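So the structure is just underneath, and the comments pick up after that.
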Amino acid sequence: GAAFAASAGNNESTSALVSFELGRATLVDRVNLNGNVNNGRSVVDGERKTTSDKWGLNGQYDYNVSIQLYSFVKLGFESDKVAHLSLRSTVAGGAGYKLVDTKDDIFSLLGGFAYSTDRYSEPVTIDNVTGTRFSRPSLFVGEESQHQITASTSFKQRLEVYPGVSGDRAKIVKFTAGLGVAINSSINLTVGLTDTYNSNPPDGQKRNDVGLFTGVNVRFGAD
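In terms of the numbering used here, the sequence shown is numbered consecutively and its last residue is 689.
Written as structure tokens, this is what we have:
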């Protein structure tokens, strides 16, 4: 998938997002890998600024215990240079349950435990503690769904909540959603929303980071 926007004149700005998702499912297990890169620049009164410079990479392996119940292991990495976050690494594991699993609709609940480590490129202050490395064990709860609304329109979303139980006790919430309209069997026009919430960010930073993108997705491979 790709999205791009640009403006010129008194103010100049560019913004680009490139994303991918790879998946393979069998009757026994499922593997999913997804990632994205988001970069934005602006020039105001001759001054060039970076408005966005982030990337994320996530992988998840599911093993089917039964038709509805499965166990999972999840590994995620992300970076946000504007927020001085060099790397956030998260490992999570637990179980998921498919409440709905049909051709047109899938809805699952997930739960388990996770451990996250945040590394910053320069010292930051969180709860009166200054440093470049913060870690937290946390619970993990989430849900995800996919819906075939019409023959050409599909919708998918995923919500993940990581309430810290010790360390800096930050609560991290991640939400992604995408609406796609098929032009043909391979190309979709898409609208995507991402939102990352940190209940305990470094001093001077906002808790919410929201992105809205429109673009084109190209699909490869068979169903």
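Using N, Cα and C, we set each Cβ at its ideal position, and we do this for glycine too. Since the structure is predicted, the reported quantities are computational estimates derived from the model, not experimental observations.
- By the 16-neighbour rule on beta-carbons within 10 angstroms, Lys520 is buried.
- In the structure shown, the three-state DSSP call for Ala549 is helix.
- When the beta-carbon positions are compared, Phe606 and Asp634 stay at least 8 Å from each other.
- Looking only at Asn505, Asn654, Pro629 and Val647, the smallest Cα-Cα distance to Ala472 is reached by Asn505.
- Asn477 carries a strand assignment under DSSP once its states are collapsed to helix, strand and coil.
- Taking C-beta atoms as the reference points, Asn666 and Ile592 count as a pair closer than 8 Å.
- DSSP places Arg514 inside the beta strand (DSSP E), whose first and last residues are Glu513 to Asn530.
- Under the three-state reduction of DSSP, Asp675 is assigned to strand.
- The DSSP-derived three-state label of Ile592 is strand.
- Counting other Cβ atoms within 10 Å of its Cβ, Ala580 reaches 16 or more and is therefore classed as buried.
- Counting only residues of its own chain and dropping the five nearest sequence neighbours on each side, Ser652 has a CB closer than 7 Å to the CB of Val684 and Arg685.
- DSSP links Lys540 through a beta bridge to Gln526 and Ala558.
- Contact between the stretch 484 to 492 and the stretch 506 to 517 is absent: fewer than three C-beta pairs spanning the two stretches fall below 8 Å.
- Apart from the 5 residues on each side of it in sequence, Gly658 sits with its Cβ closer than 6 Å to the Cβ of Gly644 and Phe679 in its chain, given in chain order.
- Counting of Cβ neighbours within 10 angstroms places Pro589 among the exposed residues, the total staying below 16.
- Gln534 is bridged by DSSP to nothing; it lacks a bridge partner.
- For Lys569, DSSP records no beta bridge to any residue.
- When DSSP states are grouped into helix, strand and coil, Ile638 belongs to the strand group.
- Residue pairing by DSSP puts Leu625 in a beta bridge opposite Glu609 and Phe641.
- Ser587 places its beta carbon less than 8 Å from that of His550.
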